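Asker: After the structure tokens below, expect a handful of questions from me.
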Amino acid sequence: MAHPDDIEILCAGTLIHLKRRGWKIHLATMTSGDCGTKTESSDAIQRIRFAEAARAAKLMGATYDCVGEKDFHVIYTVELLRKVTELIRRYNPSLVFTHPPSDYMTDHEGCSTAVRMACFAGGAPNFSTRAASPATSTDHVPHLYYADPVEGKDIFGDVPPVGFYVDTTVTTALKARMLACHASQRMWLKVHHGLDNYIQSMKDWSAKRGNECGTKYAEGFRQHLGQGYPQDNPLKKILGPLVR
Ligand SMILES: [Zn+2]
């Protein structure tokens, strides 16, 4: 996803389910959050936020990578595509989760486009990532899932449909502990976004999604079903009745 804490807010509950079923989880963000502050320098906040994200990943037993972009610079370019494709080739994932194509800020949208395209480009060996030791091309296009847009709405305030829900009632406690690792964001989100308590906001949103599908907490997703991408939804088989 785009920034440290986006994963923990939007899809960590589902990733924890997968981890508990033996899946390897690799978290990655486009930036290390250099603008998420009103008081720290760019270098200082990046160090703080990278460490927070790494700690959160460790809590759930996942790896963490940062693509190395700057906040507000996550725009779909060939260079960004090369970096994200390199990451996709390194891990050769079966399932990929990212932001939806329309979201509240352009970093999320640039990330979404880059991840979507990297899933496709990973298997095209003639697309060079220019890495010193390039990872081999992937052998398949992964299943691609879009998490909820922030607050469940697009930039016009319209509410896009939910493709399916994942019941995250039993994983929300760990999800909240992961989100709490991003302690530097508590004050930032309060003064810049007007969010008084970002962990409670995550739980409120999860409870809203849960209420829509008849459980306590849930996460909403839509699957990318364009031509060339897998059309089945393995999460239904993996998570059974937790997918609604
Ligand atoms: Zn974000």
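Going by this note's numbering, the first residue of the sequence shown is number 1044, and it counts up by one from there. Ideal Cβ positions, reconstructed from N, Cα and C, are used throughout, including at glycine. Nothing here was measured: the structure is a model prediction, and the numbers come from that model.
How about residue 1046: is its Cβ closer than 7 Å to a heavy atom in ligand 1?
Answerer: Indexing the sequence shown from 1 puts residue 1046 at position 3. Yes, the beta carbon of residue 1046 sits closer than 7 Å to at least one heavy atom of ligand 1.
Asker: With DSSP as the reference, label residue 1228 as helix, strand or coil.
Answerer: As a working note, residue 1228 is residue 185 in the sequence shown. It is helical.
Asker: Hey, is residue 1060 close to ligand 1, as in C-beta under 7 Å from one of its heavy atoms?
Answerer: In the sequence shown, counting from the first residue as 1, residue 1060 sits at position 17. Checking the Cβ of residue 1060 against ligand 1 gives no.
Asker: Among the residues of its own chain, which have a CB less than 8 Å from the CB of residue 1191, if the five just before and after it don't count?
Answerer: The residue labelled residue 1191 in the question sits at position 148 within the sequence shown. Cβ within range, chain order: 1053, 1143, 1205, 1248, 1252, 1262, 1263 and 1264.
Asker: Pull the bridge partners of residue 993 from the DSSP assignment, please.
Answerer: No information on residue 993 is available, as it lies outside the stretch 1044 to 1287 that the chain covers here.
Asker: For the putative contact between residue 1130 and residue 1105, defined by C-beta atoms under 8 Å, what is the C-beta separation to the nearest angstrom?
Answerer: One-based indexing of the sequence shown puts residue 1130 at position 87. One-based indexing of the sequence shown puts residue 1105 at position 62. Actually they do not touch by this definition, with Cβ atoms about 14 Å apart.
Asker: May I ask which residues mark the beginning and end of the alpha helix (DSSP H) holding residue 1156?
Answerer: Working through the sequence shown from its first residue, we reach residue 1156 at position 113. That run of the alpha helix (DSSP H) goes 1149 to 1164.
Asker: Taking 7 Å as the cut-off, does the CB of residue 1197 come closer than this to any heavy atom belonging to ligand 1?
Answerer: Position 154 of the sequence shown, counted from the first residue, corresponds to residue 1197. Incorrect: residue 1197 has no Cβ contact closer than 7 Å to ligand 1.
Asker: Please classify residue 1111: does DSSP put it in a helix, a strand, or coil?
Answerer: Looking up residue 1111 in the sequence shown gives position 68. Here residue 1111 sits in strand by DSSP.
Asker: Considering only the beta carbon of each residue, do residue 1195 and residue 1183 sit closer than 8 Å?
Answerer: One-based indexing of the sequence shown puts residue 1195 at position 152. One-based indexing of the sequence shown puts residue 1183 at position 140. No, the pair does not count as a contact, with Cβ atoms beyond the cut-off.
Asker: Is there at least one non-hydrogen atom of ligand 1 closer than 7 Å to the beta-carbon of residue 1151?
Answerer: Looking up residue 1151 in the sequence shown gives position 108. Yes; taking the cut-off as 7 Å, the Cβ of residue 1151 has a heavy atom of ligand 1 nearer than that.
Asker: With distances taken Cα to Cα, identify the nearest neighbour of residue 1169 among 1046, 1086, 1128 and 1188.
Answerer: Indexing the sequence shown from 1 puts residue 1169 at position 126. The option with the nearest alpha carbon to residue 1169 is 1128.
Asker: Please report the straight-line C-alpha distance between residue 1163 and residue 1188, rounded to a whole angstrom.
Answerer: By one-based count along the sequence shown, residue 1163 stands at place 120. By one-based count along the sequence shown, residue 1188 stands at place 145. So the alpha carbons of these two residues sit roughly 14 Å apart.
Asker: Among 1175, 1063 and 1185, which residue has its Cα nearest to the Cα of residue 1269?
Answerer: For the purposes of this step, residue 1269 is taken as residue 226 along the sequence shown, with counting starting at 1. Nearest C-alpha to residue 1269: 1185.
Asker: Beta carbon of residue 1049: closer than 7 Å to some heavy atom of ligand 1?
Answerer: Here residue 1049 refers to the residue found at position 6 when the sequence shown is read from its first residue. Yes, the beta carbon of residue 1049 sits closer than 7 Å to at least one heavy atom of ligand 1.
Asker: To the nearest angstrom, how far is it from the Cα of residue 1081 to the Cα of residue 1222?
Answerer: As a first step, residue 1081 is located in the sequence shown; it is residue number 38 there, counting from the start. As a first step, residue 1222 is located in the sequence shown; it is residue number 179 there, counting from the start. About 20 Å.
Asker: With DSSP run on the structure shown, which of helix, strand or coil describes residue 1241?
Answerer: Here residue 1241 refers to the residue found at position 198 of the sequence shown. Residue 1241 falls in the helix class under three-state DSSP.
Asker: Might you give, ordered along the chain, the residues of its own chain that have their beta carbon closer than 6 Å to the beta carbon of residue 1210, omitting 5 neighbours on each side?
Answerer: Numbered from its first residue, the sequence shown carries residue 1210 at position 167. 1258, 1261 and 1285.
Asker: According to DSSP, residue 1190 sits in a beta bridge with which residue or residues?
Answerer: Start at 1 with the first residue of the sequence shown, and residue 1190 comes out as number 147. The partner list for residue 1190 (beta bridge, DSSP) reads 1264.
Asker: From residue 1227 to residue 1092, what does the alpha carbon distance come to, in whole angstroms?
Answerer: Start at 1 with the first residue of the sequence shown, and residue 1227 comes out as number 184. Start at 1 with the first residue of the sequence shown, and residue 1092 comes out as number 49. Cα to Cα, residue 1227 sits roughly 7 Å from residue 1092.
Asker: Are residue 1147 and residue 1198 closer than 8 Å when you measure CB to CB?
Answerer: As a first step, residue 1147 must be located in the sequence shown, where it is residue number 104. As a first step, residue 1198 must be located in the sequence shown, where it is residue number 155. Their beta carbons are under 8 Å apart, which means residue 1147 touches residue 1198 by this criterion.
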